[in-house]
Structure formats: structure tokens, C-alpha cells
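Chains as they are written, first to last, in our numbering: chain Z, 53 to 289; chain L, 3 to 289. Taking it in order: structure first as C-alpha cells, then the write-up.
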Amino acid sequence: MSDYILQVKGLHTLYGESHILHGLSFDVKRGQTVSIMGRNGMGKSTTLKSVLGIVKPRSGSVLYKGEDIGSSPTWKRMRNDIAYVPEGRGMFHNLTVKEHLQMAARKNSRSEEHWSYDQVLDVFPRLQQRLTNKGTQLSGGEQQMLAIGRALLTNPDLLILDEATEGLAPLIRKEIWDVIRKIKQSGVSTIIVDKNIKVLHELCEQHILIVKGKVIFNGDSTELDAKREFIESNLAV
Amino acid sequence: MDLSLFLVQLLNGVQYGLLLFLIASGLTLVFGVMGILNLAHGSMYMIGAYLVYYFTTVTDSFFLAVVIACAIAMIIGIIIERFLITHLYQRDHLDQVLLTVGLIFIFNAAQGFIWGNDPLGVDVPAILSSSIQLTDIVEYPVYRLFISVVCIAIAVAMYYVINHTKLGMMIRAGESNRDMVEALGVDIRKLFTIVFAVGVTLSALAGIVSAPIVSLVPGMGERVLISCFVVVVIGGMGSIKGAFVAALLVGIVDTFASVLLPGMSSMTIYLLMAMILIFKPQGLYKS
Chain Z
53 MSDYILQVKG LHTLYGESHI LHGLSFDVKR GQTVSIMGRN GMGKSTTLKS
103 VLGIVKPRSG SVLYKGEDIG SSPTWKRMRN DIAYVPEGRG MFHNLTVKEH
153 LQMAARKNSR SEEHWSYDQV LDVFPRLQQR LTNKGTQLSG GEQQMLAIGR
203 ALLTNPDLLI LDEATEGLAP LIRKEIWDVI RKIKQSGVST IIVDKNIKVL
253 HELCEQHILI VKGKVIFNGD STELDAKREF IESNLAV
Chain L
3 MDLSLFLVQL LNGVQYGLLL FLIASGLTLV FGVMGILNLA HGSMYMIGAY
53 LVYYFTTVTD SFFLAVVIAC AIAMIIGIII ERFLITHLYQ RDHLDQVLLT
103 VGLIFIFNAA QGFIWGNDPL GVDVPAILSS SIQLTDIVEY PVYRLFISVV
153 CIAIAVAMYY VINHTKLGMM IRAGESNRDM VEALGVDIRK LFTIVFAVGV
203 TLSALAGIVS APIVSLVPGM GERVLISCFV VVVIGGMGSI KGAFVAALLV
253 GIVDTFASVL LPGMSSMTIY LLMAMILIFK PQGLYKS
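Shown next, in the form of C-alpha cells:
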């Protein structure tokens, strides 16, 4: 069994004529929580979408649990226990909160169930009160909770969160971070895209900084401390 | 118009409306979920009717023929989606129109080649061939009631599947955000194949059950297609609930217009559509 849950090597991704990712590489060890930082438009979301096959890289490889998944369709990659919380949350306007959770729920590929419907509602008590509301009727924070809850119900080994707390009120952010801590404790490998360096420093074992489609920093929290100023200058707007 | 005649016309209108719903629901489902405008949807109505004619003669049993015809219609649907429609998802509606109009020509040619252009008929199965006495002088054929019951049963089943099953939730989710459905590990290609095959089978089923009360003629598919579009536009593109309400409305209006206003009956449903669109440009139930 590979020590790495994810190995990304030399990704080049283009949108039409514009070259977004320039030979981007990074690895994620099993059970680790990894942050991806960078300004808007630097290629963070494109990196995640390339890993998931939502956009097709022109070259490079994506190894998941040691196997090259570059040619599998997105849904098959997800079936191998990857879950995705997209930027914008991916709500369904015509499904209730309860239905969002029900339609996504499944055992993982080894027929294990670590997260049940009730457990997810325990973690997100706010959703309990909104079960009959439509996904798009929720506040931004509730939508994010629903998107994370829905992802957990697929019982993933790798959870990918794009813009985990962007645009949310401080109190809601705290709730989301608390839940991500619980997910971390449960042993799920997690990739988090966010800009909150303080929380990420404490939460993640590994940090990646993307600038113009390249990884320009990749290190643990100690190394992050050593280069904190450099990294913060690359996050400032 | 006396009361008994009114009642018969109302029953006819409802029955026609339910039949229109059966066809329109498939059209609107495929459009709503997959974004595909299938102009060959009416051809499946024709194919259903001709298939049940053929298999009734071969097997000597109408009901067995119904089952076989439905199964073949579903297989045709799967083949069309897998080999043709699949190339259209990334393209615009004009390309969809080109391909599906092409299919109409192919199906019509096939129909002429296999069954010829003379009108054909299917006998009402003996067990359903009686009539119910409504009043002393007015009676209503049991077979027409049978059609209504079949349509209502299908409508209830559709309502249940779409609103209360995981498959239904996935279908609705696909209507809302296709990429997200895939990102949750759902094989959207398979989901689309199922939706398309079921959609065209509903149209074929309408042709199958109406075969004993209409004559099978070339071009029968296009005629229902146009009424069906009126239903879908009135109901709101992609809305099944809208299709249900609109189909009953069109069925009843069309039936009464042909009795009360024989001179202008052919245009009443279009007038109805225009009137509704003035007040509800998106149709009654916007999807």
C-alpha cells in the first residue's frame, strides 16, 4: 500500500489558450491534512479540478493510492472514496437539505460506513432545523455545512475542500474549522484551500503555496514559520 | 349541450389530456434533466403504435404485445442515447434539432418500408371492449377508461419515483447542477441513458395504448409532437407538474372546441398557449 494517498506530478492544465498550471507537483500522505494557499486566479481551484478530472490536464499524472487515475471519469474517481466540496458549494436548488444528504449517502468502496445521516446532523445541528428547506434557501454558512455534510456521507478517504471558509461570518468560520478538526481526528486525508494562514498553520501538517500555476512553497508548519513573511506577502491582495 | 353529452366530452377531454401528459412528461423530463430537445419524441409514439399492431397480430395477445413493444421502445431509446444523443451534450439546441429531425425521417421511412402507408388498426382487446351505460342513451367505452387508468398509474408512479426515491433525487439534482452530481460519484452517463430510455418509452406507451382507438397512419407522430410541445410550453419547459396541468387543460379545451367551435377547433390550443404566455411567459410552472 502506497504511503501517499495522492501524488500529483507535472500537471499542465490549459483553459483554451490560457496556460493555468505549469508543471505543478505535490504529494499528500495518508491521513494528513494539507493546505493549499495562494491568491485568487493562481490556479488553486484548477489544481483541485485537475486532480478530480473535472478539467482535463494536457499532461502530467495523478496517482491516487498509488494508482494512475488520469484516465478515469470524475464519478469513478469519487467512487474510489474521494469527496469534493466545491467553491460555491454546489447546492441543488430543487432538493431539500434532507434530500441533499440522502442522495449522496453511500458506503465507501470497502463497504464501511464511518459517517451516517444522524452523525452528520450531530456535527451540524444547524442543519437539523433546516431539513425541509431547499439547498439554495440556506445562508452561506449553512450551505457550506451542508456541502461538507454531504461530502462526509460518501465516507471518503480523501476530502477536498475548496475555499473552506471564504465569505463566511467569523462565528460560522469557527464552526466550520471545528468540524474540519473532527474530520481530521477521524483519520480522513484532507486538502483544504483557504487563506486563513493562522488556522491552517495549526490544523495542517503540510502547506503548499501556489503562485501562477506553480508550487513555490511546500513544507510543514515549522518550515512555514521560517518563511511566514514570504508566504504572507504572496497571499496579500 | 345537455349534461350527459357534456360528461362524455369531459371524460374524452380528460382521457386525451392524460394521454398527452404521458407523451409530454417524457419530452419535458429529457429536456429538463439532460437539456436535450428530442424532436423525434413523437416518432416513438408512432413506433409504439405500429409495434403493438405488429405484435398483436403475431402473438394474438394485445397485452403481451404491449409488454414486448415497451421493451423494444426502451431498447431503441438506449441505442439512440448511447450512439447519437451522447454526442450532443456539449452542443447547442440547433445541432440537437438537426439530429432529431433526421431521426424523424429515418423512423418514418422505416415505418413506410415495414408496414406500408395504408391506415392500419388494432382491435380493442375483448376483455375491455364493453361500454358503461352513463345515462339511458349515453354510454362510454371501457377501453377509454382503461387508457385513463394507465396514464394515472404512470403519473403516480413517476411522482413517487421522482419525489421519494434516491434515483429521483439524483434526477432532480442533475437538473440543477450536473457537474456536482458527477462530483458526488454518480455515473451521470448512465443516469442520462436511463432518463432518455424511460422518456421515449413513455411516448411509445402512449402510442401503444392509443393504437386501438386511432388509425395508424404515417405522420401520426408529428401530429402529437406539436400538441405535446404546446403542453410543454404551457406547463413550463422541464416541469413535470406543469406538463400534467397543461396536458389536462389542452386535452379538455381541444375536445370541447371540436364540439362547440368546429370551425376554429384546430387553432384553439394555440390561442390557449398564447393567452397563457402573455401572463406567464415561462409557462405555468417554471422549472
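All C-beta atoms, glycine included, are put in the ideal place defined by N, C-alpha and C. Remember, it's a predicted structure, so these values are computed and weren't measured experimentally.
Exercise. Taking buried to mean at least 16 other C-beta atoms within 10 Å of its own C-beta, is Z/P138 buried or exposed?
Worked result: A residue is called buried when at least 16 other Cβ atoms come within 10 angstroms of its Cβ; Z/P138 meets this threshold and is buried.
Exercise. Quick one: what's L/Q135 bridged to in DSSP?
Worked result: The bridge partners DSSP lists for L/Q135 are L/E141.
For this session: Only counting runs of 3 or more residues, tell me where the beta strand (DSSP E) segments fall wholly within the stretch 190-277 of chain Z, in order along the chain.
Result: With a minimum length of 3 residues, the continuous beta strand (DSSP E) runs that stay inside the stretch 190-277 of chain Z are 210-213, 241-245, 258-263 and 266-272.
Problem set entry | Residues that L/A206 bridges to, as DSSP identifies them | According to DSSP, L/A206 bridges with nothing at all.
Problem set entry | Beta-carbon proximity of Z/S87 to Z/C256, cut-off 7 Å | Yes.
For this session: Excluding the 5 residues preceding and the 5 following Z/I260 in the sequence, name in chain order all residues of the same chain whose CB lies nearer than 6 Å to its CB.
Result: If we look at Z/I260 and ignore the five residues flanking it on each side, its Cβ neighbours are F78, I88, V267 and N270.
Exercise. Closest to L/F227 by CA distance: which of L/V151, L/A208, L/A75 and L/R191 is it?
Worked result: Here the sequence assigns Leu to residue 227 of chain L, which means Phe is not the residue at that position. The shortest C-alpha separation from L/L227 is found at L/A208.
Exercise. Quick one: what does DSSP say Z/Q84 is sitting in, helix, strand or coil?
Worked result: In the three-state reduction of the DSSP assignment, Z/Q84 falls in the coil class, being assigned neither a helical nor a strand state.
Exercise. What residues in the stretch 177-211 of chain L have a beta carbon less than 7 Å from any beta carbon of chain Z?
Worked result: Cβ contacts with chain Z: E177, S178, N179, D181, M182, E184, A185, L186, G187, V188, D189 and I190.
Exercise. For Z/Q196, does the count of other Cβ atoms within 10 angstroms reach 16, so buried, or fall short, so exposed?
Worked result: So Z/Q196 counts as buried.
For this session: May I ask which residues mark the beginning and end of the beta strand (DSSP E) holding Z/Q59?
Result: Looking at the DSSP string, the run of the beta strand (DSSP E) that includes Z/Q59 is Y56 to Y67.
Exercise. What's the C-alpha gap between L/Y91 and L/S6?
Worked result: L/Y91 and L/S6: Cα-Cα distance of roughly 51 Å.
For this session: Could you confirm whether any beta carbon from chain L is found closer than 7 Å to the beta carbon of Z/H145?
Result: Closer than 7 Å: yes.
Exercise. Taking any Cβ of chain C, which residues in the stretch 172-185 of chain Z have a Cβ under 8 Å from it, in chain order?
Worked result: The structure shown contains no chain C; the protein chains it does contain are Z and L.
Exercise. From what residue to what residue does the alpha helix (DSSP H) around Z/I121 run?
Worked result: If you look at Z/I121, you'll find it isn't in any alpha helix (DSSP H); DSSP assigns it neither H nor E.
Problem set entry | Cα-Cα separation, L/L105 to L/A111 | Rounded to the nearest whole angstrom, the C-alpha separation of L/L105 and L/A111 is 10 Å.
Exercise. Would you say L/R174 reaches chain Z, if we count a Cβ-Cβ gap shorter than 7 Å as a contact?
Worked result: Yes, contact with chain Z.
Exercise. If you compare alpha carbons, which of Z/V240, Z/S238, Z/T274 and Z/V263 is closest to Z/K250?
Worked result: Closest by alpha carbon: Z/T274.
For this session: Name, please, each residue of chain Z whose Cβ falls closer than 8 Å to the Cβ of L/K288.
Result: Going along chain Z, no residue has its Cβ under 8 Å from L/K288, so there is no contact; the nearest lies around 11 Å.
Exercise. Which one or two residues does DSSP pair with Z/Y116 in a beta bridge?
Worked result: DSSP lists Z/L58 and Z/E119 as the bridge partner or partners of Z/Y116.
Problem set entry | Pairwise C-alpha distance: L/L86 and L/H43 | Near 14 Å, if we compare the C-alpha coordinates of L/L86 and L/H43.
Exercise. From the beta carbon of Z/M155, is the nearest beta carbon of chain L less than 7 Å away?
Worked result: Yes, contact with chain L.
For this session: With DSSP as the reference, label L/A101 as helix, strand or coil.
Result: For the sequence presented, residue 101 of chain L should be read as Leu rather than Ala. Note: L/L101 maps to helix in three-state DSSP.
Exercise. Taking only beta-carbon atoms, is Z/G201 less than 7 Å away from chain L?
Worked result: So, not an interface residue.
Exercise. L/K168 touches chain Z at which residues, Cβ-Cβ below 7 Å?
Worked result: Ordered by position in chain Z, the residues that pass the 7 Å Cβ test against L/K168 are Q154 and M155.
Exercise. First and last residue of the alpha helix (DSSP H) that includes Z/V172?
Worked result: Going by DSSP, Z/V172 is part of the alpha helix (DSSP H) stretching over Y169 to V175.
Exercise. Who pairs with Z/K186 in a beta bridge, going by DSSP?
Worked result: In the DSSP output, where bridge partners are listed per residue, Z/K186 has Z/T148.
For this session: Tell me, please, whether the CB atom of L/M171 is closer than 7 Å to any CB atom in chain Z?
Result: Output row for L/M171: interface = yes.
Exercise. Expressed to the nearest angstrom, what Euclidean distance is found between the alpha-carbon atoms of Z/G112 and Z/S191?
Worked result: Cα-Cα distance, rounded: 38 Å.
Exercise. With DSSP run on the structure shown, which of helix, strand or coil describes L/Y91?
Worked result: Note: L/Y91 maps to coil in three-state DSSP.
For this session: Would you check if the distance between the CB atom of L/G253 and the CB atom of L/G15 is smaller than 7 Å?
Result: A contact, by the Cβ cut-off of 7 Å.
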